[in-house]
Structure formats: structure tokens, C-alpha cells
Amino acid sequence: MKRNPVIHFAYDGYYTSIGEDVLWISNVEDEEVYSLLLKKSKNEVTYAKLIEKICRKRNVDEASTKLKVSYFPFSFQGHKVRPNYIRDDEDVECYFEGVSEEGFRSVLHVEVINDVELNLRMDENEQFDQVLREDLENHRNNIQLWWRMRIEI
Numbered sequence: 001m002k003r004n005p006v007i008h009f010a011y012d013g014y015y016t017s018i019g020e021d022v023l024w025i026s027n028v029e030d031e032e033v034y035s036l037l038l039k040k041s042k043n044e045v046t047y048a049k050l051i052e053k054i055c056r057k058r059n060v061d062e063a064s065t066k067l068k069v070s071y072f073p074f075s076f077q078g079h080k081v082r083p084n085y086i087r088d089d090e091d092v093e094c095y096f097e098g099v100s101e102e103g104f105r106s107v108l109h110v111e112v113i114n115d116v117e118l119n120l121r122m123d124e125n126e127q128f129d130q131v132l133r134e135d136l137e138n139h140r141n142n143i144q145l146w147w148r149m150r151i152e153i
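Reading the sequence shown from the start, the letters are residues 1 to 153 in full-length UniProt numbering.
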């Protein structure tokens, strides 16, 4: 009998490091874990379809919301692991293949970056670029002044 893949995911959080450990921190108080039942075999699930299903489940606009999807792969002999980000179809396949000896699959972690945050980051980058340009201009002026003073001496 064909079994449809089930995916569990935590929505809207971020990673933080504490010493050598990396932890998932939820941005929401209830820290609910959501589930998706995919009506395709795991080999037919694409990255685009996974993102679409997550957006539909959480009722968010896929066009204005950027999601970063990741998971902790099962560690090997107690080694520390870092999150593994899913960026394409091959990463999705790897996620489905990574099951524990007991048959469990890692919970996906979904980081949410919406248009407002993207615009704020772009504004911050533009402001940073402006500061760098001003610093560079001041530095050039100081060098020119230094050369003038040396020539006059």
C-alpha cells in the first residue's frame, strides 16, 4: 500500500547558537507544530510544491512572503549538527531520505521573511552603503589635505 508522505513543520522562528549548540527559537508563543499530508509520493514532491503547501496551510501570500526552510539532520554518533537548508528539489529529496532508524523524519523549521522585512533590510543596506560612501569621501579628503600639507612644507 502506497503511503503519502507526512511533513511536520514549525512556522516562524529563527536559529540561535548557545556554545556549540544551535537551537530553534519560535517567534510565536504557542510554538505549534503543523502537519502536511502530501498526496504524492516523496519522489514527486518539489521544492516549489512544498513552499506552496506551507503557505496555503498558514494562509500566507506566497508572492509577498519569503520562506527559508531547514531541518536538523539526525546526528551521527552524537556529533553536533547544524541546520540543513532546503533550497531546491534535490534538497527536498535528501530531506525525505533522512529518516532515523526508527523511521522518524526531522521537523522542518520555517523562517519567515516578508516584504516589509526585506524592504527594511534593503533600506538598512542602502543606509550602510551611504555611510561607506561618506566615509570613503572623508578619507579621500583627508588624504588630499595631507598631500597638500606635505607639498607646502
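A virtual CB, placed ideally from N, CA and C, is assigned to each residue, including glycine.
These figures come from a predicted structure and were not determined experimentally.
| query | result |
| --- | --- |
| For a test of the three-state rule: what should DSSP assign to residue 84, helix, strand or coil? | strand |
| What do you get for residue 108, buried or exposed, if any count of 16 or more other CB atoms within 10 angstroms of its CB means buried? | buried |
| Would you call the region 82-95 in contact with the region 41-53, where contact means no fewer than 3 C-beta pairs closer than 8 angstroms? | yes |
| Mark residue 110 as exposed unless 16 or more other C-beta atoms lie within 10 angstroms of its C-beta, in which case mark it buried. | buried |
| DSSP beta-bridge partners for residue 37? | 6 |
| Output the distance between the C-alpha atoms of residue 122 and residue 55, rounded to the nearest integer angstrom. | Here the model assigns residue 122 a pLDDT of 49, short of 50, so the residue's position is not dependable, and the following value carries that caveat. The alpha-carbon atoms of residue 122 and residue 55 are separated by roughly 24 angstroms. |
| Give the straight-line distance between the Cα atoms of residue 33 and residue 12, rounded to the nearest whole angstrom. | 11 angstroms |
| Where does residue 92 sit, in a helix, a strand or coil, going by DSSP? | helix |
| Label residue 104 either buried or exposed according to how many other C-beta atoms from any shown protein chain fall within 10 Å of its C-beta, with 16 as the threshold for buried. | exposed |
| Would you say residue 68 faces chain B, with C-beta separation under 7 angstroms as the test? | Reference to chain B is not applicable here, since this structure consists of a single protein chain. |
| Count the other CB atoms within 10 Å of the CB of residue 71; is the residue buried (16 or more) or exposed (fewer)? | buried |
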